[in-house]
Amino acid sequence: MIQRSPLAIPTVVTDFTGEDYQERLYDQYAEWQRHTPVFRNQDGVVYLTRHDDCARLLSDGRFGRQADDGSANPLVTTSHEAGALHSTIANWMLFMDAPRHPIVRRAFSQALSAREAGLPDSALRDLARQLIGEGGEAVDFLSGLAGRLPALVICHLIGVPAADASALGPWAFRLASALDSGEEEGMRAAAPAATAMHDYFSRFVVSDAARGAGGFLRELESGAGSDLAEAEIIDGCVFLLVAGHETARNLSANSVLALAKNPEQMQLLRDQPEMLKSAIEELLRYTGPVQKLSRWTREDLTLGGYAIPRATLVVGLIGAANRDPACFTDPHTLDLRRSPNPHLAFGRGSHACIGRPLALRETGIALDELLRATGLIEVVEHRWVPNASMRSLASLTLRMPPPSGPDR
């Protein structure tokens with residue numbers, strides 16, 4: 021058997037925040053997959069576009085979340101003003117490795133699951149119907165159902181008063197946007213939001229609402245969270261709020277936009293609501309919020325036939341992996357019947373998203389109630405945020421007349 025030498029990684033100049041990048045996103049992914057499935061950009065970061073390579077990145081123990089110097093994230097900043105954001109995210113499970121990661125993850129996962137178990141579907145449906153009813157026929161979808169439902173739900177699960185959701189949501193958006201760009205200016209701009217959220221949850225964790233019977237902190241500290249440091253609890257709550265709000269917001273908005281652009285699939289879902297579970301999985305594959313996940317190499321290794329040295333930042337382009345023709349038939353077609361559907365939208369391995377069950381449930385109920393309450397949904401206007409890591413809409417205006425026929 022002939023042993024092939026590892027290939028040298030080609031260099032590609034990238035601009036992930038260009039004005040039209042999001043509109044041509046999947047065309048760009050397909051071009052990279054055809055010509056440079058593994059490449060290094062002008063900043064020395066290695067990018068992966070194939071499903072198999074991205075899956076290995078997320079599950080192979082030779083990759084870690086932290087850099088060799090122990091830094092908790094791949095962002096670099098020299099300003100004192102951005103320090104608040106860095107100190108906050110250093111305590112997020114997202115940027116941890118063992119031994120702290122499994123401890124913090126297990127604690128928050130158990131507490132979140134316990135709280136979610138006490139939230140009946142009927143309550144989510146009532147809230148979704150209320151928000152849909154407030155919208156009218158021409159709506160700003162992001163300020164309505166897509167934005168408010170996730171904020172209210174995650175606030176309820178953590179125990180934050182619903183009245184505070186309107187302030188916490190914009191803070192969460194600023195933090196998510198700064199982390200997406202990784203740029204000095206964005207990090208400085210988001211630092212006040214990081215400080216505000218840290219201060220808010222510092223007060224919250226000692227409140228009766230958090231520590232009362234059945235409260236989130238009571239659940240957290242009565243289980244695996246009894247060994248967590250105070251900063252891990254406070255900043256962990258910030259992480260849940262940011263991740264829970266932004267992921268569900270973007271999934272809901274992206275899904276409705278995709279269905280509106282594929283009316284035959286929307287009608288199929290109206291006619292066969294029992295397909296809802298597979299539909300959400302396909303929408304996650306087709307237009308999922310998370311586009312990038314990164315790891316550091318812990319040793320020299322070969323991936324996809326390419327040699328990657330130790331201490332290299334490697335980024336899996338999850339949106340590209342989910343459109344890989346080697347894994348998915350007709351990958352650029354939205355097919356709500358698709359099965360199997362091994363997408364990577366929630367990651368894989370030890371850092372797989374702990375909020376997956378909640379996101380699937382919340383988005384499924386929101387879509388079901390929306391399709392029941394409306395007729396043909398038309399896109400009036402939409403505009404993407406020039407993000408690199410998240411596929412996120414800056415605006416989405418829809419025309420949603422009531423259904424013309426009988427309720428399904």
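In our numbering, the protein residues as written are 21 to 428. Just so it is clear, CB atoms sit at the ideal spot from N, CA and C, and this is done for glycine as well. Quick caveat: nothing in here was measured; it's all calculated off a predicted structure.
Practice problem: Given a cut-off of 8 Å, decide if residue 195 and residue 182 are closer than it, judged by their beta-carbon atoms. | Solution: Along the sequence shown, read from residue 1 onward, the residue named residue 182 stands at position 162. Along the sequence shown, read from residue 1 onward, the residue named residue 195 stands at position 175. For the pair residue 182 and residue 195, the CB atoms are not nearer than the 8 Å cut-off.
Practice problem: Name the two residues that bound the continuous beta strand (DSSP E) containing residue 326. | Solution: On the sequence shown, residue 326 is found 306 positions in, with the first residue counted as 1. Run containing residue 326: 326-328, per the beta strand (DSSP E) assignment.
Practice problem: With DSSP as the reference, label residue 160 as helix, strand or coil. | Solution: Here residue 160 refers to the residue found at position 140 when the sequence shown is read from its first residue. Strand.
Practice problem: Would you please state the rounded distance, in angstroms, between the beta carbons of residue 37 and residue 263? I believe it to be under 8 Å. | Solution: Within the sequence shown, residue 37 is the residue found at index 17, counting from 1. Within the sequence shown, residue 263 is the residue found at index 243, counting from 1. Not confirmed; about 22 Å, so no contact.
Self-check item: Neighbour-count burial assignment, residue 163, 16 or more Cβ in a 10 Å radius
Solution: For this step, residue 163 is matched to residue 143 along the sequence shown. An exposed status is given to residue 163, since fewer than 16 other beta-carbon atoms sit within 10 Å of its beta-carbon.
Quiz prompt | Minimum C-alpha distance to residue 26 - residue among 150, 325, 242, 267 | solution = The residue you call residue 26 lines up with position 6 of the sequence shown. Among 150, 325, 242, 267, the Cα nearest to that of residue 26 belongs to 325.
Self-check item: The beta strand (DSSP E) enclosing residue 414, as first and last residue numbers
Solution: Translated into positions along the sequence shown, residue 414 becomes position 394. Looking at the DSSP string, the run of the beta strand (DSSP E) that includes residue 414 is 413-419.
Quiz item: Taking DSSP as the reference, what is the three-state secondary structure of residue 401?
Solution: Sequence index remark: in the sequence shown, residue 401 carries index 381 (1-based). Note: residue 401 maps to strand in three-state DSSP.
Quiz prompt | Inter-residue spacing [alpha-carbon to alpha-carbon] between residue 375 and residue 28 | solution = Numbered from 1 along the sequence shown, position 355 holds the residue referred to as residue 375. Numbered from 1 along the sequence shown, position 8 holds the residue referred to as residue 28. Their Cα atoms are separated by approximately 38 Å.
Quiz item: Taking the alpha-carbon positions, what's the residue 215 to residue 306 distance?
Solution: The residue you call residue 215 lines up with position 195 of the sequence shown. The residue you call residue 306 lines up with position 286 of the sequence shown. Residue 215 and residue 306: Cα-Cα distance of roughly 35 Å.
Self-check item: Own chain residues within Cβ distance below 8 Å of residue 277, not counting five before or after
Solution: The residue you call residue 277 lines up with position 257 of the sequence shown. For residue 277, where only same-chain residues beyond five positions count, the Cβ hits under 8 Å are 307, 399, 402, 413, 416.
Quiz item: Would residue 311 be called buried (16 or more neighbouring beta carbons within 10 Å of its own) or exposed?
Solution: In the sequence shown, the residue the question calls residue 311 occupies position 291. Flag for residue 311 reads buried.
Quiz item: Got a sec? Which residues, its chain only, sit under 6 Å from residue 394 by beta carbon, not counting five neighbours each side?
Solution: Taking the first residue of the sequence shown as 1, we reach residue 394 at position 374. Cβ-Cβ distances below 6 Å link residue 394 to 420 in the same chain, with the five nearest sequence neighbours on each side left out; the list follows chain order.
Practice problem: List the endpoints of the continuous beta strand (DSSP E) containing residue 315. | Solution: Here residue 315 is taken as the residue at index 295 of the sequence shown, counted from 1. Here the beta strand (DSSP E) through residue 315 covers 312-317.
Self-check item: Bridge-paired residues (DSSP) for residue 67
Solution: In the sequence shown, the residue the question calls residue 67 occupies position 47. In DSSP, residue 67 forms a bridge with 59, 335.
Quiz item: How is the alpha helix (DSSP H) around residue 271 delimited, first residue to last?
Solution: Counting from 1 along the sequence shown, the entry for residue 271 is found at position 251. Note, residue 271: alpha helix (DSSP H), 250-281.
Quiz item: Between which two residues does the beta strand (DSSP E) carrying residue 322 extend?
Solution: Indexing the sequence shown from 1 puts residue 322 at position 302. Element bounds for residue 322: 321-323.
Exercise. Look up residue 83 in the DSSP assignment and give the residues it is bridged to.
Key: Locating residue 83 in the sequence shown gives position 63, where the first residue counts as 1. In the DSSP output, where bridge partners are listed per residue, residue 83 has 317.
Exercise. Would you check if there are 3 or more beta carbon pairs closer than 8 Å linking the stretch 239-254 to the stretch 375-389?
Key: no
Quiz item: Which residue spans inside the stretch 145-201 form an unbroken beta strand (DSSP E) run of at least 3?
Solution: Every beta strand (DSSP E) of 3 residues or more that sits fully in the stretch 145-201 is shown, in chain order, as 158-160.
Practice problem: Just the C-alpha distance for residue 42 and residue 338, rounded to the nearest angstrom, thanks. | Solution: Here residue 42 refers to the residue found at position 22 when the sequence shown is read from its first residue. Here residue 338 refers to the residue found at position 318 when the sequence shown is read from its first residue. Spanning the two alpha carbons is a distance of roughly 14 Å.
Quiz item: Candidates 135, 122, 377, 342: which alpha carbon is nearest residue 237's?
Solution: Here residue 237 corresponds to residue number 217 of the sequence shown, with the count starting at 1. Measuring from the Cα of residue 237, the nearest candidate turns out to be 135.
Quiz item: Straight-line CA distance for residue 350 to residue 358?
Solution: As a position in the sequence shown, residue 350 is number 330, starting the count at 1. As a position in the sequence shown, residue 358 is number 338, starting the count at 1. Whole-angstrom Cα-Cα distance: 10 Å.
Quiz prompt | Nonlocal neighbours in the same chain, by C-beta distance under 7 Å from residue 21, ignoring five residues either side | solution = The count along the sequence shown starts at 1 and reaches residue 21 at position 1. Interpretation of residue 21 is limited by its pLDDT of 49, a score under 50 that renders its predicted location unreliable; no figure is taken from the coordinates.
Self-check item: residue 40, buried or exposed, once every other Cβ within 10 Å from all chains shown has been counted against 16
Solution: Within the sequence shown, numbered from 1, the residue matching residue 40 stands at position 20. Sixteen is the threshold: since fewer than 16 other Cβ atoms of the shown chains lie within 10 Å of the Cβ of residue 40, the residue is exposed.
Quiz item: For residue 378, does the three-state DSSP call read helix, strand or coil?
Solution: Numbered from 1 along the sequence shown, position 358 holds the residue referred to as residue 378. In the structure shown, residue 378 sits in a helix (DSSP, three-state: H, G or I).
Quiz prompt | Any 3 or more C-beta pairs closer than 8 Å across the stretch 252-267 and the stretch 134-149 | solution = no
Self-check item: Span separating the alpha-carbon of residue 327 from that of residue 170
Solution: Numbered from 1 along the sequence shown, position 307 holds the residue referred to as residue 327. Numbered from 1 along the sequence shown, position 150 holds the residue referred to as residue 170. Each residue's alpha carbon lies about 42 Å from the other.
Practice problem: Output yes or no for whether 8 Å exceeds the beta carbon distance between residue 178 and residue 77. | Solution: What you label residue 178 is simply residue 158 of the sequence shown in a count that begins at 1. What you label residue 77 is simply residue 57 of the sequence shown in a count that begins at 1. Cβ distance not < 8 Å, so residue 178 and residue 77 don't count as in contact.
Exercise. Taking 8 Å as the cut-off, decide whether the C-beta atoms of residue 7 and residue 301 are in contact.
Key: Absent from the model: residue 7. The displayed extent of the chain is 21 to 428, so no value can be given.
Quiz item: Taking the alpha-carbon positions, what's the residue 180 to residue 230 distance?
Solution: The sequence position of residue 180 within the sequence shown is 160, counting from 1. The sequence position of residue 230 within the sequence shown is 210, counting from 1. Computed Cα separation, rounded: 8 Å.
Quiz item: CA-CA distance, residue 112 and residue 259?
Solution: The count along the sequence shown starts at 1 and reaches residue 112 at position 92. The count along the sequence shown starts at 1 and reaches residue 259 at position 239. Roughly 6 Å between the two C-alpha positions.
Exercise. Please work out which residues of its chain come closer than 8 Å, Cβ to Cβ, to residue 24, disregarding the five sequence neighbours upstream and downstream, and give them in chain order.
Key: Numbered from its first residue, the sequence shown carries residue 24 at position 4. Excluding sequence neighbours, residue 24 sits near 325.
Quiz prompt | Contact under 8 Å by Cβ, residue 313 with residue 367 | solution = For the purposes of this step, residue 313 is taken as the residue at position 293 of the sequence shown. For the purposes of this step, residue 367 is taken as the residue at position 347 of the sequence shown. For residue 313 and residue 367, yes; Cβs fall inside 8 Å.
Self-check item: Close Cβ partners of residue 319 (< 6 Å) along its chain, the five nearest in sequence each way excluded
Solution: Here residue 319 refers to the residue found at position 299 of the sequence shown. Taken in chain order, the residues that qualify are 82, 330.
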